[in-house]
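Student:
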Amino acid sequence: MRIFSPVTFFSLEYGRPKVRGREIWGGLVPYEKIWRTGADEATTIAVSKDVNVEGEKLAAGTYSLFTIPGKTEWTIIFNKVAKQWGAYRYDKAQDALRVNVKPEAAEHVEEMTFQIEGNKVVLRWEKLSVPFVISAVK
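Sequential numbering of the sequence shown, starting at 140, is according to our numbering.
(1) What is the DSSP secondary structure of residue 157, counted as helix, strand or coil?
(2) Spatial neighbours of residue 84 within its chain, please: CB distance less than 7 Å, with the 5 preceding and 5 following residues excluded, ordered by chain position.
(3) So, with DSSP's three-state summary, where would you put residue 254?
(4) Shorter than 7 Å, the distance from the beta carbon of residue 235 to the closest heavy atom of the ligand SAH, or not?
(5) Assuming contact is defined by CB atoms lying nearer than 8 Å, are residue 217 and residue 173 in contact in what I supplied?
(6) Using only the alpha-carbon positions, how far apart do residue 155 and residue 191 sit?
(7) According to DSSP, is residue 285 helix, strand or coil?
(8) Check each candidate in 266, 210, 153, 149 and name the one with the smallest Cα separation from residue 159.
(9) Measure the Cβ-Cβ separation of residue 215 and residue 271 and say whether it is below 8 Å.
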């Protein structure tokens, strides 16, 4: 997914796992454990200029996007080591930014997807959506 605005280029590359009748949250994707946020390679996010994520500054660059899913709160992690395979070599010391967000109940989505809704990036999969706000630095 690539988004262009008058001032910022944004891209998001990710694998799209399917539910296939499996228990996802707390099952295939355990709670309170680091997750690659997709299938195969860790999700990669790139921004051409500094942005704010949930009000916290993230410098322009390319990052692996990891998450720590929880029942009532998720941690969204932007890690400086881009293009990682899974979360096998994830190193917390390389985190550029961590923010906490609230998951929301949603309609069933069979294949994991990210959507842009206004200034939010929304992860949707199974019966859950996880939105986080990205905005220009002022």
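We put the beta carbon where it would ideally sit given N, CA and C, even for glycine.
Tutor: On the basis of the data shown:
(1) Locating residue 157 in the sequence shown gives position 18, where the first residue counts as 1. Collapsing the DSSP output to three states places residue 157 in a strand.
(2) This structure cannot settle anything about residue 84, because the visible part of the chain is limited to 140 through 277.
(3) The residue labelled residue 254 in the question sits at position 115 within the sequence shown. Secondary structure of residue 254 (DSSP, three-state): strand.
(4) Among the ligands in the structure shown, none appear at all, so the ligand SAH cannot be discussed.
(5) Against the sequence shown, residue 217 aligns to sequence position 78. Against the sequence shown, residue 173 aligns to sequence position 34. Inclusion of residue 217 and residue 173 in the CB contact set at 8 Å is not warranted, their separation being larger than that value.
(6) Your numbering for residue 155 matches position 16 in the sequence shown. Your numbering for residue 191 matches position 52 in the sequence shown. Taking the straight line from one Cα to the other gives about 26 Å.
(7) The displayed coordinates of the chain run from 140 to 277. Any statement about residue 285 would go beyond what the structure contains.
(8) Position 20 of the sequence shown holds residue 159. When only C-alpha atoms are compared, the closest one is 266.
(9) The count along the sequence shown starts at 1 and reaches residue 215 at position 76. The count along the sequence shown starts at 1 and reaches residue 271 at position 132. Yes, Cβ-Cβ distance for residue 215 and residue 271 is below 8 Å.
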